[in-house]
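Visitor:
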C-alpha cells in the first residue's frame, strides 16, 4: 500500500506526498491542472524509478488530490509555493523535474526560483502561461464580462468535469508568466510533445523551445500522441528521456 505522508506548509496548507528513497538526483513529478499524484504518468515513472534504485517524489498541489484546500481557491502562485515547499523541506540535494502540462509551467517556475537545485528537466506537453495565452486570449467578450462579474467561468473539458476558471487564476497567472522575459535553462532539458494534442499545440511547444536559453535543449515530437501522453509507448518515451537527462547531468 502506498505510504502517503503530509507536509504542513508555512502558509497552513497540508500537502500530500509520496517519497521514494534512492540514488539522486531526486526525480520530482509535477502534475497538470486538476490532475494529481495518482495519475498514470506519475505512478508509472515512480515504478520505473524504484526499479532503477532512483530517488523519486510525487505530490498533490493544494486543491488537488489528497491535499487540503479547494481547487477554486487556488492559483498558479499557490501551486508554485507548494512546489517550493516540497523541494525546500522534503528533498535533499539536486532535483530533476518532470513536469506535465501545467506541471511543465511549474517546472519552469522552479528553474527560475531554484536554479541551484534543479539540474535537469523533462516536460510533457508543457503549458507555460496557459492562463493568459490559452484561457484569457480564447475567451470572447461575453465570457470575459461573466468572469469579471461572477468571479468565475465554467468551461468544458475533454478530460474531466467542466473546469471552473476563476478570476483569481487568470490574474495571478499574469504574475507568473515565463514566456515574456529571458528564461535560462543551464541544464540538460528535454521537451516532449504529441502532435495530436488538442490542449497544447505543436506551435506552442516550438514557441517554448525558441524562447528558452541553454546549450542542451531538445524538443521531441511524437506523432499521434495526445495530451494525456500516457499509452505504453509514451510512458517508455518519458522514461527514456529521464535516462538521457540523468546521463548528461
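Residue numbers (full-length UniProt numbering): 1 to 249. From the three backbone atoms N, C-alpha and C, an ideal C-beta is built for every residue, glycine too.
1) Should residue 150 be labelled buried (16 or more other beta-carbon atoms within 10 Å of its own) or exposed?
2) Would you call the CB atoms of residue 53 and residue 64 closer than 9 Å?
3) How many Å lie between residue 66 and residue 219 at the Cα?
4) In this structure, does DSSP put residue 5 in helix, strand or coil?
5) Count the other CB atoms, across all protein chains shown, that sit within 10 Å of the CB of residue 210; report buried if there are 16 or more and exposed otherwise.
6) Can you tell me where the beta strand (DSSP E) with residue 119 in it begins and where it stops?
7) With respect to the alpha helix (DSSP H) encompassing residue 53, which residues constitute its N-terminal and C-terminal limits?
8) Using a Cβ-Cβ cut-off of 7 Å (strictly less than) and excluding sequence neighbours within five positions of residue 131, which residues of its own chain qualify?
9) Starting from residue 149, follow the alpha helix (DSSP H) in both directions and report where the run begins and ends.
10) Taking its Cβ as the centre, do 16 or more other Cβ atoms sit within 10 Å of residue 106, making it buried, or is it exposed?
11) In angstroms with no decimal places, state the Cα-to-Cα distance between residue 1 and residue 28.
12) Hey, could you find the ends of the beta strand (DSSP E) residue 23 is sitting in?
13) Taking the alpha-carbon positions, what's the residue 135 to residue 92 distance?
14) Going by C-alpha to C-alpha distance, which of 199, 36, 119, 188 sits closest to residue 61?
15) Please return the same chain residues whose Cβ sits closer than 7 Å to the Cβ of residue 155, not counting the five positions on each side in sequence.
16) List the DSSP bridge partners of residue 195.
17) Following the continuous alpha helix (DSSP H) through residue 76, name the residue where it begins and the one where it ends.
18) Touch check for the region 112-120 and the region 39-53: three-plus C-beta pairs under 8 Å?
19) Beta-carbon within less than 8 Å of residue 25's beta-carbon, same chain only, minus the 5 sequence neighbours each way: which residues are those?
20) Can you grab the Cα-Cα spacing for the pair residue 207 / residue 39, in whole Å?
21) What do you get for residue 31, buried or exposed, if any count of 16 or more other CB atoms within 10 angstroms of its CB means buried?
Guide: This is what the structure gives:
1) Your numbering for residue 150 matches position 150 in the chain shown. Classification of residue 150: exposed, given that the 10 Å Cβ count is below 16.
2) The count along the chain shown starts at 1 and reaches residue 53 at position 53. The count along the chain shown starts at 1 and reaches residue 64 at position 64. No. Outside cutoff.
3) The residue labelled residue 66 in the question sits at position 66 within the chain shown. The residue labelled residue 219 in the question sits at position 219 within the chain shown. Residue 66 and residue 219: Cα-Cα distance of roughly 33 Å.
4) The residue you call residue 5 lines up with position 5 of the chain shown. Three-state DSSP puts residue 5 in a strand.
5) Within the chain shown, the letter at position 210 stands for residue 210. It counts as exposed.
6) Here residue 119 refers to the residue found at position 119 when the chain shown is read from its first residue. First-last of the beta strand (DSSP E) with residue 119: 118-124.
7) Translated into positions along the chain shown, residue 53 becomes position 53. Per DSSP, residue 53 belongs to no alpha helix (DSSP H) and is neither H nor E.
8) By 1-based counting over the chain shown, the position of residue 131 is 131. Around residue 131: 76, 169, 170, 173.
9) Position 149 of the chain shown, counted from the start, is the residue given in the question as residue 149. First-last of the alpha helix (DSSP H) with residue 149: 141-150.
10) Indexing the chain shown from 1 puts residue 106 at position 106. So residue 106 counts as buried.
11) Within the chain shown, numbered from 1, the residue matching residue 1 stands at position 1. Within the chain shown, numbered from 1, the residue matching residue 28 stands at position 28. Note that residue 1 scores 45 on pLDDT, short of 50, meaning its location in the model is unreliable and no value can be drawn from it.
12) Within the chain shown, numbered from 1, the residue matching residue 23 stands at position 23. Taken as a continuous stretch (DSSP letters only), the beta strand (DSSP E) holding residue 23 covers 23-30.
13) To locate residue 135, count along the chain shown from 1; it is residue 135. To locate residue 92, count along the chain shown from 1; it is residue 92. Their Cα atoms are separated by approximately 36 Å.
14) Here residue 61 is taken as the residue at index 61 of the chain shown, counted from 1. Among 199, 36, 119, 188, the Cα nearest to that of residue 61 is on 36.
15) Residue 155 sits at position 155 when you count from the first residue of the chain shown. The answer, listed in chain order, is 162, 163, 165.
16) Translated into the one-based positions of the chain shown, residue 195 becomes position 195. Its beta-bridge partners do not exist; DSSP assigns none.
17) Taking the chain shown and counting its residues from 1, the one referred to as residue 76 is at position 76. Here the alpha helix (DSSP H) through residue 76 covers 76-90.
18) no
19) Reading the chain shown from its first residue, position 25 is the one you call residue 25. Closer than 8 Å at Cβ, skipping near neighbours: 55, 93, 94, 95, 96, 119, 120, 246, 249.
20) Along the chain shown, one-based indexing puts residue 207 at 207. Along the chain shown, one-based indexing puts residue 39 at 39. About 27 Å.
21) The residue you call residue 31 lines up with position 31 of the chain shown. With 16 or more other Cβ atoms within 10 Å, it is buried.
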